[in-house]
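Note sheet for the following structure.
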Amino acid sequence: MLRLSKKQRVKKQKKKEYAGCWQPKGLILGAKLKINKMKIKYQLKKIVENVTLAIFAPLFVKQIDKYFEVSMLGLENFTTKPAILVPNHSICVDGPIFKAKIYEKTGRNVHVLVDEGVYNSRKLWQKMLLWAPGDIPVRGDRRSTMDIVYRRIGEYVNWSGELISIFSEGLSEKLVMPDGSLKPIEERTHMGGAGRLATFYNIPIIPVGIKTAEELEKVSGRYGMKNKKEGITFLEDYIAQNGKIPYIISFGKEIFPEQTTNKDSNKKQRCNNLTKRIEREVVKLVKEIRF
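Under the numbering used here, read the sequence shown as residues 436 to 726, first letter to last.
Now the structure itself:
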């Protein structure tokens, strides 16, 4: 086994401190100094996020309103505290619509977890439009990546009390059926990321149901970023015949981690129970939506 040089050992130790200093157990004097530096970087990043949203959000909302008639139900359930929002996929562009309309209605930024593969497949200017407003690229099979994700979420939750959003059904592309429609809502399985985060940070989850016109849901799998021109053509043809496309976002009531099961059960079981409850609530919200 190769022995590390002094310079390499120091670098490794600093990296270790940086990865762990956001945790309460790491709040020793050196870690506190590190946190001060992190907070400065965080505040600079927040300035970038606020400026980006102030400039681009109204422009994007204008484009959304050109095609969609967006309604938001259950806003009384919308917390002013940090929370994790767990919506379902209705079409392939739910994330941008969801983020922009929440910002328009409430003035709050939603930090969406974006698959790293999707994030890296974008052009540079598209990556900037994901990075600048504070979206978080994530890849679940890399421990080092997840450490960074947890740290960034911890900054947003603990330092600013902000909102995190996870489409826990996974990528919309993976829900596409052979006929081009998305898999029925009852047949989708949620991954446990939202439950683990809520349990770790002890913050509530708000289940969210999203539903749009049935005609669009049946073909939405055909029109992603690769076929956006064909998708826009389809939207324009639909609007010419039927008017704007209805798009409803329904917020459920808060679910707290401690309400899901008794405290004697192990951590993994608590997360699994919480994930199952989220899944049921999202399905219920979608089925209750009426146009």
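Backbone N, C-alpha and C fix where the C-beta goes; we use that ideal spot for every residue, glycine too.
Closest to residue i by C-alpha separation, out of the options, would be which residue?
{"i": "Val528", "options": "Thr515, Phe503 and Pro642", "result": "Phe503"}
{"i": "Val549", "options": "Gly627, Ile620, Val573 and Ala567", "result": "Val573"}
{"i": "Val505", "options": "Gly605, Gly678 and Met473", "result": "Gly678"}
{"i": "Phe602", "options": "Gly509, Ala489 and Ile713", "result": "Ile713"}
{"i": "Val545", "options": "Phe513, Asn555, Lys609 and Tyr554", "result": "Phe513"}
{"i": "Ser685", "options": "Asn707, Glu604, Leu720 and Gly615", "result": "Leu720"}
{"i": "Lys646", "options": "Lys472, Lys476, Met507 and Lys481", "result": "Met507"}
{"i": "Ile690", "options": "Gly530, Glu551 and Asn637", "result": "Asn637"}
{"i": "Tyr477", "options": "Asn593, Thr668 and Gly687", "result": "Asn593"}
{"i": "Val496", "options": "Glu622, Leu559, Thr515 and Lys536", "result": "Lys536"}
{"i": "Leu488", "options": "Lys653, Lys472 and Trp566", "result": "Trp566"}
{"i": "Ser595", "options": "Lys711, Lys722, Glu484 and Phe726", "result": "Glu484"}
Could you compute how far the alpha carbon of residue i sits from the alpha carbon of residue j?
{"i": "Val584", "j": "Gln676", "result": "44 Å"}
{"i": "Pro681", "j": "Ala648", "result": "6 Å"}
{"i": "His524", "j": "Phe533", "result": "10 Å"}
{"i": "Leu494", "j": "Gln704", "result": "44 Å"}
{"i": "Ile620", "j": "Asn707", "result": "19 Å"}
{"i": "Ile683", "j": "Ser440", "result": "59 Å"}
{"i": "Leu610", "j": "Glu604", "result": "8 Å"}
{"i": "Lys474", "j": "Lys501", "result": "39 Å"}
{"i": "Ile724", "j": "Val717", "result": "11 Å"}
{"i": "Asp672", "j": "Pro517", "result": "40 Å"}
{"i": "Pro639", "j": "Gly615", "result": "35 Å"}
{"i": "Ile588", "j": "Gly628", "result": "12 Å"}
{"i": "Asn701", "j": "Arg715", "result": "22 Å"}
{"i": "Gly687", "j": "Trp560", "result": "35 Å"}
Have a look at the DSSP bridge pairing and note the partners of residue i.
{"i": "Val545", "result": "Leu598"}
{"i": "Ile690", "result": "Ile640"}
{"i": "Leu617", "result": "Val611"}
{"i": "Ser440", "result": "DSSP lists no partner for Ser440."}
{"i": "Val573", "result": "Asp550"}
{"i": "Ser506", "result": "Ile683"}
{"i": "Val521", "result": "Pro642"}
Answer yes or no: do residue i and residue j have a C-beta to C-beta separation smaller than 9 Å?
{"i": "Met612", "j": "Lys618", "result": "yes"}
{"i": "Pro692", "j": "Ala633", "result": "yes"}
{"i": "Ser600", "j": "Gly530", "result": "yes"}
{"i": "Ile526", "j": "Leu651", "result": "yes"}
{"i": "Val521", "j": "Ile641", "result": "yes"}
{"i": "Lys481", "j": "Leu510", "result": "no"}
{"i": "Leu479", "j": "Arg543", "result": "no"}
{"i": "Val547", "j": "Ile571", "result": "yes"}
With residue i and residue j assumed to form a contact (beta carbons below 8 Å), what rounded beta-carbon distance in angstroms separates them?
{"i": "Ala492", "j": "Tyr554", "result": "So it is not a contact: roughly 20 Å between Cβ atoms."}
{"i": "Leu709", "j": "Gly630", "result": "4 Å"}
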